[in-house]
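J.: Below is one structure. I have some questions about it.
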Amino acid sequence: MIESFNESILQEYENNLNSQVNVRDYLVNFINTLPITTSNSIKLQSSSIVQLTQSTNQLTRDAATTAANKCYQLALALYSLTTETSFEDVQIAANQLTQCGTNVRTVRDCSFHGR
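Just so it is clear: in the sequence shown, position 10 is 57 by the working numbering, and no numbers are missing.
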């Protein structure tokens, strides 16, 4: 009886986790399609990626790679806009991009839980 109950709880947990993985995958791929137009778009997109990559057990290898590539694109765009963007905006975006890189590296260094 208890073993059956434990298996049921574990199955529910895994189903919930897989649902969250699918949502994060979708959102990372969606953000990847957004254009980079201004420093505000860089700040918004990098902030979103940071939030999506914080839960490392809810990311697939593909989502982590996509997030890393988008962070790189955002960093290049930020660099090209530094002369026309306020110091504070550059600093905010740079901090978020650093956190994004840290999150993605953590995901890469951890196991992907079969994902």
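Think of the CB as a built atom: it goes at the ideal place given N, C-alpha and C, for glycine as much as any other residue. Computed from a prediction, not measured in an experiment: that's the story for all the values here.
(1) What are the boundary residues of the alpha helix (DSSP H) that GLN143 is part of?
(2) Report the three-state DSSP secondary structure of SER102 (helix, strand or coil).
(3) What residues in its chain sit with their C-beta under 8 Å from that of GLY148, if we drop five residues either side in the sequence?
(4) In angstroms, rounded to a whole number, what distance separates the CA positions of PHE134 and ASP156?
(5) Would you report the Cα separation of GLN98 and LEU57, rounded to the nearest angstrom?
(6) Could you compute how far the alpha carbon of THR100 sits from the alpha carbon of LEU123?
(7) Report yes or no: do three or more beta-carbon pairs, one from the segment 75-91 and one from the segment 136-147, lie closer than 8 Å?
(8) Just verifying my parser: in three-state terms, what is the DSSP assignment at LEU123?
(9) Would you say ALA110 and ARG152 are within 8 Å of each other, going by their C-beta atoms?
(10) Any idea what DSSP makes of LEU64, helix, strand or coil?
(11) What do you get for LEU125, buried or exposed, if any count of 16 or more other CB atoms within 10 angstroms of its CB means buried?
T.: On the basis of the coordinates in this document:
(1) Looking at the DSSP string, the run of the alpha helix (DSSP H) that includes GLN143 is 134-156.
(2) Coil, per DSSP.
(3) Answer for GLY148: ALA115, CYS118, listed in chain order.
(4) Approximately 33 Å between the Cα atoms of the pair.
(5) Going by the C-alpha atoms only, they are around 26 Å apart.
(6) Between THR100 and LEU123, the C-alpha separation is close to 20 Å.
(7) Below 8 Å, enough C-beta pairs join the segment 75-91 and the segment 136-147 to call them touching: three or more.
(8) It is helical.
(9) Result no, Cβ atoms of ALA110 and ARG152 do not sit closer than 8 Å.
(10) Helix at LEU64.
(11) Per the 10 Å Cβ criterion, buried.
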